[in-house]
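Written out below as structure tokens is the structure these notes cover.
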Amino acid sequence: MNQNALGTAFRGSFRLLYRIYRYIPVLSLIWLGVPLLLGALVVTGYSAQQRLIDLFMSSHAASAWADRIANAWPFLIIFTGTAVARCLLNALQRVLDTALRDQVSRYIQAEVHDKAAAAPLELLDQPEYYDRLHRAESVAGTDVFGVLSNLISVVRFLFELFGCLTVTALCSPLLTVMLAVVFAASFAIRLESDLVKRRLNRDLTRPGREADYLSGIMRKPETVRDMRISGSMSYLIAKWGAVMQRSLGLRMNANRREIRRGIFVSSIQIAGLCAAMAWMVLRMRAGGLSAGAFVVVFQAMRQAYGISGRMVFPVGKVYIQSAKIIDLVQFIAEIPAAGRDTRPIEQLPMKKPGPYGQIAFAKAAYRYPGHDRAVLQDIDLTLKPGETVALVGENGAGKSTLVKLLLGLYAPTSGRITWDGIDLQDMDPRSLRREMSAVFQDFVRYETTLRDNVGFGLPEEAASDDRLRAALRACRAESLERQAEGLDRRVGRLTEGGRELSGGQWQRLAISRAALRDAQLLVLDEPTSALDPQYETELYRTFRQLAAGRTVLFVSHRLGWARHADRIVVLRQGRIVEEGAHDTLMAANGEYASMFRAQAAWYQAEAAERIQYM
Ligand SMILES: Nc1ncnc2c1ncn2[C@@H]1O[C@H](COP(=O)(O)OP(=O)(O)OP(=O)(O)O)[C@@H](O)[C@H]1O
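Sequential numbering from 1 applies to the sequence shown in full-length UniProt numbering.
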């Protein structure tokens, strides 16, 4: 067994417990306190029992019975009280488990979402980060409470064991050492056996599936017919039999191994008990041990042996789930450092975007983390207030990356981007966000209501229905609203009664969302990819309205859109290679002109083809 992994798993689980303590301190303290009390009650119960036995077994005259009963009352009360308290605490533990199960899961999931929201966008773009997020979310959503319950069981068993060891120590330290050694050996052997069996079960999942598959197809009429013709049914049965035989053989081996180990564990435990009894009898004969002590030590030893068996399950579970716990704990612990601004409050960026709204890239460059090559280099670009700029270029030229820099989602690796002369990095991100509005090619479809789909564009304010409707109208999406449900109409198939929308309809909603914000800067990254040509023309008009009085940067492969922009910027391999109005660039006969002609020729050829077939 890998002890490092077990240690890491327990450390991870305790870190998780500490987080839970911070969320719900009182409940979690009670949850942790119950096992401790149960452990303490072991000592109290055995002590009272010992006193009672000694009281009634003492060799005083029979006339003293009345005195004995009078003296026994306090111990009887303690003994009974302990038993009742144990029952109540066990019940309380079950109630707390139920009460905490959902809360813990909710808190941990919220923390994972919180961390994911705070993570820099560069991280979210990396597949391995996304895998980590996915794993952390799945543990947080399903396994986390199971892991913690197992951990609590381990803690509880340890306290109980400690109680048993204390009882034996009160009688003889030598017996305690012997009990501890026998316990450790029994536990280690049983745990190893359990882990071997769990691993075998996991390894046998695949042969099990294969056997199920083979037996399944053997029952199908078409297989029977096919096999009769080819005469190969016996071959299929033999193949299924071989798979089953192999799994069975491995299971039998594991069972035999477990039984052998079980016999060995029982032998050392019985030997331990016999040695302890022999030693205690000798001491009783010498008058150094009372009958009560004999009985309770014997019982405490048997209880400790029982714990060595019962503790295997939760420890094995924590060990098996260790990788998941470590994933979750590391995700929660590491992401804030990367994603959150840990600077002291006085050093946090507080500046607000200026009202003029001139945005300038000065020698800005960007390289994705973990990559050698910069995808944007030497970008010098100024967006004047109210100007509409089209960003065009071949696939992979860096257009979307430039958009993300402009929106402050990525920070340039060198150079600066300023808003009215102030670096975007020095600005309060929330104030900056208020001045920016964007529609991306991979826009989000909120499968809830129309109200959410538009209203999420301005989450800071609860926009009025009139304003939401105006945004829908601006994007010609008002027909999506139905009289009966109005803006609360459900969209998407996830919600009951929801209607699935077409790609273009979802896109209109995404654009309405952007239209809701009264932002100085509007960024559109391929906003028309899912729209039909007729709606695209309509949208173009809408877009002109939306653009009025704002600075607009749009990315589009459709150069028909770009030609109407105040300025066109052509990117190639991360650099600006041309810049100017449509006519200027056409006259220059450079990259833009050749792209434009190629597209125009394509449309003309298509139109000619249509006419020919009409
Ligand atoms: N998350 C990422 N990690 C690493 N490299 C990336 C990442 N995203 C994009 N790139 C690379 O950066 C370069 C520019 O990509 P970008 O998406 O900005 O180009 P684009 O001009 O918008 O392309 P398209 O027209 O196809 O949308 C490409 O070479 C791309 O492979």
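We put the CB at the ideal spot given by N, CA and C, even for glycine.
This structure is a prediction, so every number in the text was calculated from the model and none was measured.
Boundaries of the alpha helix (DSSP H) around G504: G503 to L516. The bridge partners DSSP lists for F361 are L381 and I417. C-alpha of T176 to C-alpha of T168: approximately 5 angstroms in a straight line. A374 places its beta carbon less than 8 angstroms from that of T413.
The beta carbon of V570 sits no closer than 7 angstroms to any heavy atom of ligand 1. In the DSSP assignment, T551 falls outside any alpha helix (DSSP H) and lies within the beta strand (DSSP E) extending over T551 to V555. Shown here for L407: same chain residues with a beta carbon closer than 7 angstroms to its own, the five before and five after excluded, namely M436, A438 and V523 in chain order. Not one heavy atom of ligand 1 falls within 7 angstroms of the beta-carbon of S556. Under the three-state reduction of DSSP, T176 is assigned to helix. R190 sits buried, since 16 or more C-beta atoms from the chains shown fall within 10 Å of its C-beta. Within the model, the alpha-carbon separation for I576 versus L559 is close to 17 angstroms.
Within its own chain, the residues whose Cβ lies closer than 7 angstroms to the Cβ of I307, once the five positions on either side in sequence are excluded, are F157, E160 and L161, listed in chain order.
Closest option to A304, judged by alpha-carbon separation, among W73, C87, R493 and L179: L179. With respect to V392, V570 sits close: the two C-beta atoms are nearer than 8 angstroms. When only Cα atoms are considered, T418 and N453 end up about 31 angstroms apart. Under the three-state reduction of DSSP output, R445 falls in the coil class, being neither helix nor strand.
Distance from the CA atom of R94 to the CA atom of G316, rounded to whole angstroms, is 21 angstroms. Per the coordinates, the alpha-carbon of S479 lies some 55 angstroms from the alpha-carbon of M218.
Contact between A365 and G415 is confirmed by a C-beta separation of about 5 angstroms, below the 8 angstroms threshold.
In terms of side-chain proximity, the C-beta atom of V375 is found nearer than 7 angstroms to a non-hydrogen atom of ligand 1.
Residues of the same chain with a CB within less than 6 angstroms of the CB of G498, apart from the 5 flanking positions on each side, are R490, V491 and G492 in chain order.
The Cβ neighbour count for H134, taken over all protein chains shown within 10 Å, is under 16; the residue is labelled exposed.
For R575, the beta-bridge partners assigned by DSSP are R572. Classified as exposed, Q545 has fewer than 16 neighbouring CB atoms from the shown chains inside 10 Å of its CB.
For a cut-off of 8 angstroms, the C-beta gap from L458 to L516 is around 5 angstroms, short enough to register as a contact. Spatial neighbours of R283 in its own chain (CB-CB distance under 8 angstroms, excluding positions within 5 residues in sequence) are listed in chain order as S172 and L289.
Listed in chain order, the beta strand (DSSP E) runs fully inside the region 72 to 151 amount to none, counting runs of at least 3 residues. Counting only runs of at least 4 residues, the region 210 to 242 fully encloses the following alpha helix (DSSP H) elements, listed from N- to C-terminal order: 221 to 230.
The C-beta distance from A390 to W561 rounds to 7 angstroms, short enough to fall under 8 angstroms.
Between T537 and T551, the alpha-carbon positions lie close to 21 angstroms from each other. The count of Cβ pairs closer than 8 angstroms, one atom from the region 74 to 82 and one from the region 36 to 54, reaches three, so the stretches are in contact.
Set against 7 angstroms, the gap from the CB of A397 to the closest heavy atom of ligand 1 is smaller.
In the DSSP assignment, A390 is bridged to F554 and I568. In its chain, beyond the 5 residues on either side, V34, L37 and L38 have a beta carbon closer than 7 angstroms to the beta carbon of L89.
Per DSSP, V523 lies in no alpha helix (DSSP H); the unbroken beta strand (DSSP E) holding it starts and ends at L521 to D525.
The alpha carbon of A514 has as its nearest neighbour, out of L100, L468, M277 and G241, the alpha carbon of L468.
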